[in-house]
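Asker:
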Amino acid sequence: MVQLFFLGGMFSAFLTVYLLLFNKKETKSYSDYLLAILFGLYIYCTLLYLLIYSGFINSVPFLYKTGAPLNFILPPLAYLYIRSVLYNEKKFSKWDIVHYIPFILFLINYLPFYLIPINEKAEIVNAVVLDQSLIYKNNAGVLPEYILFILRFFQTIIYLVFNWGLIKKYKKNNISKQVQDQITSVIKWLKFFNWTGVVNLGGSILLILLMLVFNGSFIVASLNLIPGLIIALSFFAISSYLLVNPQVLFGLPFVKYTELPSAISDDEVQKIHFITEDYTKEIEHIRSYFLEHKPYLKSSININQVSVELGIPARELSFILNNHFGLRFNDFVNNHRITYVTERLNPNYLKNYTIETLSLEAGFTSKSTFNAAFKKVHNCTPSEYLSNSF
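Under numbering that gives the first Met the number 0, the first residue of the sequence shown carries the number 0, and numbering increases by one thereafter.
1. Unbroken alpha helix (DSSP H) runs of length 4 or more, entirely within the region 291-368: which are they?
2. On a Cα-Cα basis, can you pick out the residue from Lys89, Leu18, Thr338, Leu46 that is closest to Gly9?
3. Where Leu62 and Ile36 are concerned, what is the direct C-alpha to C-alpha distance, given to the nearest angstrom?
4. Please report the straight-line C-alpha distance between Ser239 and Val16, rounded to a whole angstrom.
5. Decide if Arg151 is buried, meaning its Cβ has at least 16 other Cβ atoms within 10 Å, or exposed.
6. Does Ser28 come out as helix, strand or coil in the three-state DSSP assignment?
7. Leaving out five residues before and five after Leu200 in sequence, what residues of the same chain have Cβ atoms less than 8 angstroms from its Cβ?
8. Would a C-beta distance cut-off of 9 angstroms place Leu14 and Leu85 closer than the cut-off?
9. Given that a residue counts as buried once 16 or more other Cβ atoms are within 10 Å of its Cβ, and exposed if not, what is Ser92?
10. Beta carbon of Asn193, beta carbon of Ile225: below 9 angstroms?
11. Please report the straight-line C-alpha distance between Leu359 and Ala12, rounded to a whole angstrom.
12. Which residue wins for smallest C-alpha separation from Ile100, given the options Ser203, Ile72, Tyr80, Leu114?
13. For Pro111, does the count of other Cβ atoms within 10 angstroms reach 16, so buried, or fall short, so exposed?
14. With a Cβ-Cβ cutoff of 9 angstroms, do Ser340 and Ala313 count as a contact?
15. Please confirm whether Leu344 and Leu385 have their CB atoms less than 9 angstroms apart.
16. For Pro143, which of helix, strand or coil comes out of DSSP?
17. By Cβ distance, which residues of its chain are closer than 6 angstroms to Ser233, with the 5 residues on each side in sequence left out?
18. Does the Cβ-Cβ distance between Asn417 and Ile123 come in under 9 angstroms?
19. Just how far apart, CA to CA, sit Lys171 and Ala77?
20. Quick one: residues in its chain with C-beta nearer than 6 angstroms to the C-beta of Lys27, no 5 flanking neighbours on either side, listed in chain order?
21. Ends of the alpha helix (DSSP H) at Gly54?
22. If we ignore side chains and look at the alpha-carbon of each, how far apart do Ala121 and Pro68 end up?
23. Could you please give the first and the last residue of the uninterrupted alpha helix (DSSP H) stretch that includes Lys136?
24. Alpha helix (DSSP H) containing Asn108: first to last residue?
25. Which residues in the same chain have their Cβ closer than 6 angstroms to the Cβ of Val59, if we skip the five residues on either side of it in sequence?
Written out as structure tokens, the structure reads:
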């Protein structure tokens with residue numbers, strides 16, 4: 000049961016990473032890359048857990064403990080992700096390297112273990128497969144394992160507090176009726192994101208305690224399933240959330256800011272973010288552009304081209320289409336094409352032209368694509384539409 004949830008979580012995480020890196024194309028953001036890396040690390044660490052649990056780690060002993068230093072990346076990476084979402088950050092700041100110092104230190108800590116002969120490593124791994132409590136008892140690095148787990152526990156707690164602080168401060172400082180729905184969607188996702196971290200931490204602590212108290216005995220295997228199930232469910236929940244709520248991927252999170260310099264002292268200037276306005280002007284600009292210029296008639300049109308023509312960043316354009324028109328870019332374009340077709344879909348027009356010719360004129364590249372888009376809008380085929388209308 001536990002392994003099924005872990006596998007389901009890995010599959011969902013793979014799909015999410017694919018959507019973040021390949022399906023969003025021009026609308027990818029810095030926060031998307033951070034989340035993709037975070038999910039990639041979750042997948043890798045979960046894979047290592049399953050290899051140890053199943054005993055298959057014996058076939059690849061060189062992978063043992065490679066996930067240990069990565070555990071010190073996950074909390075700061077989650078913090079940087081939340082911060083980038085809330086403040087539309089575009090890149091790392093030079094001070095963000097500080098967050099990765101623990102990872103670097105513990106990577107160095109494990110270097111002696113990584114460099115030992117493979118046959119010695121295989122013996123250690125085999126012993127761990129027979130008694131999984133040795134993961135937390137045997138020292139693989141320079142520092143004792145219990146110190147690493149204590150430090151990891153406190154690091155996770157500290158970053159979870161930081162994350163909640165970011166969310167609370169953001170909600171307090173950004174009260175805007177114009178974008179309240181948008182802010183609610185952002186906060187809802189980030190709260191869920193952070194709560195799964197809390198649940199995962201609780202499950203990890205319970206698992207370690209059971210392993211140490213019962214000395215790895217499988218007489219209490221049923222008890223060990225409880226924390227494993229907690230961790231597996233939290234991983235599955237966070238990895239599947241974005242698949243169930245695609246608006247977070249396509250258009251969200253995005254908040255429109257201005258940055259004004261504020262003199263803190265004579266030699267220091269701080270940039271303060273705040274929400275400035277709604278998207279009324281941009282919405283009208285998009286409407287008039289599609290009405291007057293009919294860019295949808297070009298079959299090769301994409302969001303990047305429209306973004307350049309409108310002077311609206313692609314990610315901002317994607318957000319507006321998703322949250323104000325309720326459509327993804329392709330659906331928005333296809334809806335205009337269908338309107339173009341239906342305005343001309345009458346017996347007089349069809350005396351000289353076929354429906355397929357009309358669909359190609361409207362920008363569709365194939366009959367099947369046109370039929371699917373038409374049915375999506377009118378809940379019927381073009382032929383049925385004709386018979387019902389005339």
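A virtual CB, placed ideally from N, CA and C, is assigned to each residue, including glycine.
Answerer: Put simply:
1. 302-309, 313-323, 328-343, 346-349, 354-360
2. Stepping through the sequence shown from its first residue, residue 9 is reached at position 10. A small fix is needed here, since residue 9 is Met in this sequence, not Gly. Closest by alpha carbon: Leu46.
3. The count along the sequence shown starts at 1 and reaches residue 62 at position 63. The count along the sequence shown starts at 1 and reaches residue 36 at position 37. Looking at the two C-alpha atoms, the distance is approximately 19 angstroms.
4. Here residue 239 is taken as the residue at index 240 of the sequence shown, counted from 1. Here residue 16 is taken as the residue at index 17 of the sequence shown, counted from 1. For Ser239 and Val16, the distance between alpha carbons rounds to 11 angstroms.
5. Counting from one through the sequence shown, the residue named residue 151 turns up at place 152. Arg151 should be labelled buried.
6. Indexing the sequence shown from 1 puts residue 28 at position 29. Under the three-state reduction of DSSP output, Ser28 falls in the coil class, being neither helix nor strand.
7. Along the sequence shown, one-based indexing puts residue 200 at 201. If we look at Leu200 and ignore the five residues flanking it on each side, its Cβ neighbours are Phe152, Thr155, Ile156, Leu159.
8. Here residue 14 is taken as the residue at index 15 of the sequence shown, counted from 1. Here residue 85 is taken as the residue at index 86 of the sequence shown, counted from 1. No, they are not a contact pair.
9. Here the question's residue 92 lines up with position 93 in the sequence shown. Under this definition Ser92 is an exposed residue.
10. Here residue 193 corresponds to residue number 194 of the sequence shown, with the count starting at 1. Here residue 225 corresponds to residue number 226 of the sequence shown, with the count starting at 1. Note that the C-beta distance between Asn193 and Ile225 is not below 9 angstroms.
11. Your numbering for residue 359 matches position 360 in the sequence shown. Your numbering for residue 12 matches position 13 in the sequence shown. Their Cα atoms are separated by approximately 38 angstroms.
12. Here residue 100 refers to the residue found at position 101 when the sequence shown is read from its first residue. Restricting attention to Ser203, Ile72, Tyr80, Leu114, the CA atom closest to the CA of Ile100 is found in Ile72.
13. Residue mapping note: residue 111 aligns to position 112 of the sequence shown, counting from 1. The residue is exposed, with fewer than 16 neighbouring Cβ atoms inside 10 Å.
14. Counted from its first residue, the sequence shown places residue 340 at position 341. Counted from its first residue, the sequence shown places residue 313 at position 314. Sequence inspection shows Val at residue 340; the Ser mentioned does not correspond to that position. No.
15. Within the sequence shown, the letter at position 345 stands for residue 344. Within the sequence shown, the letter at position 386 stands for residue 385. In contact: Leu344 and Leu385 (Cβ atoms closer than 9 angstroms).
16. In the sequence shown, residue 143 corresponds to position 144, counting from 1. Note: Pro143 maps to coil in three-state DSSP.
17. As a first step, residue 233 is located in the sequence shown; it is residue number 234 there, counting from the start. Counting only Cβ-Cβ distances below 6 angstroms, and skipping sequence neighbours, we find Thr195, Val198, Asn199.
18. In the structure as shown, the chain starts at 0 and stops at 389, and residue 417 therefore has no counterpart that could be examined.
19. Along the sequence shown, one-based indexing puts residue 171 at 172. Along the sequence shown, one-based indexing puts residue 77 at 78. Those two C-alpha atoms are separated by around 21 angstroms.
20. Taking the first residue of the sequence shown as position 1, residue 27 is located at position 28. The answer is none, since no qualifying residue turns up.
21. Within the sequence shown, the letter at position 55 stands for residue 54. Looking at the DSSP string, Gly54 is not in any alpha helix (DSSP H), and its letter there is neither H nor E.
22. Your numbering for residue 121 matches position 122 in the sequence shown. Your numbering for residue 68 matches position 69 in the sequence shown. Their backbone Cα atoms lie some 20 angstroms apart in a straight line.
23. Within the sequence shown, numbered from 1, the residue matching residue 136 stands at position 137. Residues 133-136.
24. Taking the sequence shown and counting its residues from 1, one reaches residue 108 at position 109. 100-113 is the span of the alpha helix (DSSP H), which, as asked, contains Asn108.
25. On the sequence shown, residue 59 is found 60 positions in, with the first residue counted as 1. When the five nearest sequence neighbours on each side are left out, no beta carbon in the same chain lies closer than 6 angstroms to the beta carbon of Val59.
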